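Written out below as structure tokens is the structure these notes cover.
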Amino acid sequence: MPSRTAGRAAGRAAGRRTGLGWLWLPLGLCALFLYLPILVLVAMSFNGGGSAYRWDGFSFRWYAELARDSDLIEAVVTSLGIATGATAIATVLGTLLAVGLARHTRSKMLEAAAMAPAILPDLVLAIGLLAFFYMAGIPKSALTILLAHAAFGTAFVVAVVRARLAGSDAALEEASRDLGAGGFSTFVLVTLPSIAPAVVAGALLVFTLSLDEFVIAYFTAGPTTETLPITVYAMVRTGVTPEINALATVLVLISVTVVVVAARAVRRTEKS
Amino acid sequence: MPTRSHGGLGARLRRGVEPAVLLGPGLLFYAVLVGVPVGLVTGYMFARRGRFGGVEWELSLDNFSRVTDSVYLEVFRESLGLALVATVISLAIGYPTAYAIAKLPPRWRTVALVLVVVPFWTNFLIRVYAWIVLLNSQGVLNDVLVGLGVVDERFTLLYTPGAVVVGLVYSYLPLMILPLYAAIEKIDDELLEASTDLGAGRVRTFLGVQLPLTLPGVVTGSILVFVPSLGNFVVPELLGGGKTVMVGNLIRDQFLKAQDWPFGSVLAMMVVVLLVLLFLGQAWVTRRVEGGARA
Amino acid sequence: MTQSTTPGVLLEVREASRSFGHVRALDSVSLTIAENEFFALLGPSGCGKTTLLRSIAGFEHPDSGAILLGGRDLLALPPNKRPVNLMFQSYALFPHLSVASNVAYGLKREKLPKAEVTQRVAEVLDTVGLQTMADRRPAQLSGGQRQRVALARAIVKRPRLLLLDEPLSALDRKVRAEMQLELKRLQHEVGITFVVVTHDQEEAMSMADRIAVLAEGRVQQVASPLELYRHPANLFVADFIGTSNLLAGPSDRERLMVRPEDARLVTPGEGTLSGTVLDTQFQGGTSTVAVEVSTLAKPFLVCEPGATAAVRGTEVGLVWDHSVVVGEGLA
Ligand SMILES: Nc1ncnc2c1ncn2[C@@H]1O[C@H](COP(=O)(O)OP(=O)(O)O)[C@@H](O)[C@H]1O
Ligand SMILES: [Mg+2]
């Protein structure tokens, strides 16, 4: 019966165009819930008055304060340093680990162990590291935070790269060896290019996670180390000023840029 | 004459060196920075508290018996309750949202997913702080409510258990939506059409086909919201005003204030055990639903 | 380690065995392959063909046995040191490299001068008819073109032995027939010994000089296509290659095999057997007549030239000019 299939096809096409129906409602409400607080912060950052809540005329005043806050700028520099170091270590170790797991193990246990730090509650890792640095007599500092972030960052790189390797053709590496390449050449010429998007994605992930990480940093920071989240925590606890609104706006802008750039980069590499 | 051969000595050596080079550094790094710390916390559970932090290595099981103290039982009850409420609300918001995203045209799907993760990538403390601004008695929400005449007087929503729940939901909602989306998106539309074709209505199809097939996603998302909620100490402190104490606050205080590391370790390991049990449950559900299709 | 081999023999597999758990993928396999031969490994899916090929290439290690190439022990060498190349079933073309870079990959590993690499790549692309595709990525090629790139990438290394795992299985029917001829032409042109794995008996028959039939990890018979067809070593080979009618044999463990084209229809009562015409099929050049014989479990098939005169439901007699006795058990 041709009319029936034609009817169904037409119905489906129509469904695709307008079929969301009532589903726009949860979508809209969820977007409102997720973005309203952020939008209020952004709006309030241009508040001319001294209250974080009460609107008192438009001004860039708090952005100027922000640029002059040397403690905050120092914290940003510390955080960027920690994030860079942690990303470098985690990307190298995580990539090697993921490739090693894919090539040389069938143990599900070992794979789970390699990703466990990403799943382990941050508070547990934080107190464990606190205990470890205390027992080993290592003074807490920016370096201990860096090592701690590298440890859980490695797990995220393993997870992302391992997923990419699972979807790739094992025959590619075999083909390389068959054509006369040794293990190292194969890694550099075939394995790395095929996992490059995942490695980049993993590195970006670790960098942003480290910049944002509070709990582990809070437990493993030295008495004078201040990362950005630790400073924000102190600011929020001691009193709410419009300066935080300005800082929040800058941070939101940065993360939006990073996410959009990352999403585009991944899409572009997937296409080619 | 058949020869037994597994490759020469050189070949065998190469096969041994490569795994060591690839796996060695990472596993060593983990052993020191994850294995030893978690081992220490495990060991602390059976030790006595040191006077100024740290522990005395004397075998003691007191830390376990303290858990049943009524003060702490009350904290557990309240934490589990709040975390559960936050999970259920996340699910109630997350499921329809994930469903709607899965039904969007492919181009818009990516955009919607990016929109879901963007707040998640903004600083966690800033996200919590935003609710202080919103919920404050001088805040925007009050402006709106008073302006609309819904309430007569300004009142504070801040520093209540409700504010804590809102903060937890806001913090972890993306972790609910993403696994739900993955599960919903995987369902073959023809399965739902088959159900309708066989005479089931919308509700029957949802309860009989859609929901069971997405159950692994529901469970994963729920774990990802529930467990971090239990361990969170920032939200109760900033939005609950310290009146609401969760397990996370208790653990933090044992380490940074009360200096009772052994008891803090017991509390932390309870969360870990709960997490492991929940993940075992999740694996079981996934196996049931996928019916060993991959085995 | 050099061990004596017959002159003219390129590859020798001696009693190679390989088990995966309880599965015996290779069970004491012995084979010799001559220089410049087009050799096929034929058998149903799961019989161990890929395992044997990968053992020769070096990606699988036999639990016992030996593999010699020109008298030299191959098993002592890692895959990248073996003068043998494998064309993968999935082709395994590097997606991030152009066609020319894919083909040049193996030559660069030999540290050849740049000019020579460029020249040999151009030559081999010419041979497989892909000169104009040199700068494309594998994703921009059709299935048949990808297959040619994979082939070019392997033969440009001038291996002593080229192994091809189901080289045509990913192609559609029409391209496949074209490529069968092409592979044969190429093998002749480059003078490299080919070992092709396939589960398609027609493909093996039309390309190979000699065929080894495998079943359950064991070699059933190694012979020329004609020999396999006319004198199958056992029931498995007889059944796997072509169509056959199987009748009671001289003993319990043997059967008599008659090929459909060796049989003819005669008037009832005059034949060795008699039965009723069940069905007739016209295939163009020939027709097949299925005859139901009361003593046989399956209909007896007769292949006649042109259109058949047989009518469904009529009684007929059956005679044949040629038959062979085949054993029942597997080797
Ligand atoms: N790496 C492996 N692990 C376990 N079993 C395997 C492996 N490789 C092959 N086998 C088993 O060995 C048998 C032969 O496989 P294979 O050589 O791939 O057969 P073919 O190529 O003839 O289809 C099959 O039963 C297959 O399941
Ligand atoms: Mg195979």
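Protein chains in written order, with the UniProt record's numbering: chain A, 1 to 272; chain B, 1 to 295; chain C, 1 to 331.
All C-beta atoms, glycine included, are put in the ideal place defined by N, C-alpha and C.
All figures in this text were calculated on a predicted structure; none of them were measured in a lab.
Reduced DSSP category for residue i - H, G, I as helix; E, B as strand; rest coil
i: E216/C; result: coil
i: L250/B; result: helix
i: A66/C; result: strand
i: L27/C; result: This sequence places Asp at residue 27/C; Leu is not what is there. In the structure shown, D27/C sits in a strand (DSSP, three-state: E or B).
i: D62/B; result: helix
i: residue 345/C; result: Because chain C spans 1 through 331 in this model, residue 345/C falls outside it and cannot be assessed.
i: F46/A; result: coil
i: V119/C; result: A small fix is needed here, since residue 119/C is Gln in this sequence, not Val. Of the three classes helix, strand and coil, the one that applies to Q119/C here is helix, per DSSP.
i: E110/C; result: coil
i: E174/A; result: helix
i: R259/C; result: coil
i: residue 333/C; result: Past the edges of chain C, shown from 1 to 331, lies residue 333/C, and the structure says nothing about it.
i: E227/C; result: helix
i: I126/B; result: helix
i: R158/C; result: coil
i: Q259/B; result: coil
i: V146/B; result: helix
i: G144/C; result: helix
C-alpha distance - residue i paired with residue j, whole-angstrom precision
i: T224/A; j: F226/B; result: 34 Å
i: W62/A; j: F46/A; result: 7 Å
i: R107/B; j: G43/B; result: 52 Å
i: Y72/B; j: L238/B; result: 21 Å
i: F59/C; j: F120/B; result: 45 Å
i: F233/B; j: A83/B; result: 12 Å
i: T220/A; j: A131/A; result: 9 Å
i: L151/C; j: L130/C; result: 11 Å
i: R127/B; j: R51/B; result: 37 Å
i: T267/C; j: V84/C; result: 59 Å
i: P262/B; j: L52/C; result: 60 Å
i: A100/B; j: V260/A; result: 22 Å
i: T286/B; j: E65/A; result: 53 Å
i: V128/C; j: T32/C; result: 29 Å
i: A177/C; j: S90/C; result: 19 Å
i: V114/B; j: P212/B; result: 27 Å
i: V302/C; j: E35/C; result: 40 Å
i: R312/C; j: V289/C; result: 9 Å
Contact with chain A by residue i, beta-carbon distance below 8 Å
i: Y229/C; result: no
i: G106/C; result: yes
i: Y172/B; result: no
i: H96/C; result: yes
i: F194/C; result: no
i: W121/B; result: yes
i: E22/B; result: Note that residue 22/B corresponds to Leu in the displayed sequence, not to Glu. Yes, contact with chain A.
i: T68/B; result: no
i: F59/C; result: yes
Test: residue i CB closer than 8 Å to a CB of chain B
i: S210/A; result: no
i: residue 273/A; result: Outside the displayed range of chain A (1 to 272) lies residue 273/A, so it cannot be described from this structure.
i: T154/A; result: yes
i: S59/A; result: no
Enclosing beta strand (DSSP E) for residue i [first to last residue]
i: Q281/C; result: 273 to 282
i: W320/C; result: 315 to 320
i: S79/A; result: S79/A -> not in any beta strand (DSSP E); alpha helix (DSSP H) instead, spanning 70 to 104.
i: G327/C; result: 324 to 327
i: M87/C; result: 84 to 87
i: T288/C; result: 286 to 292
i: F194/C; result: 193 to 198
8 Å Cβ cutoff, residue i in contact with chain C
i: G128/A; result: no
i: A262/A; result: no
Span of the alpha helix (DSSP H) around residue i
i: P95/C; result: Neither: P95/C is in no alpha helix (DSSP H) and is coded neither H nor E.
i: V302/C; result: That residue, V302/C, is in no alpha helix (DSSP H); its beta strand (DSSP E) goes 300 to 305.
i: F38/C; result: Unbroken run through F38/C is the beta strand (DSSP E), 38 to 42; no alpha helix (DSSP H).
i: P174/B; result: 161 to 186
Per-residue contacts from residue i into chain D (C-beta, under 7 Å)
i: R177/A; result: Absent from the structure: chain D. Protein chains present are A, B and C.
**OP:** For ligand 1, enumerate in chain order all residues having a CB closer than 6 Å to any of its heavy atoms.
**Re:** F20/C, V23/C, A25/C, G43/C, S45/C, G46/C, C47/C, G48/C, K49/C, T50/C, T51/C
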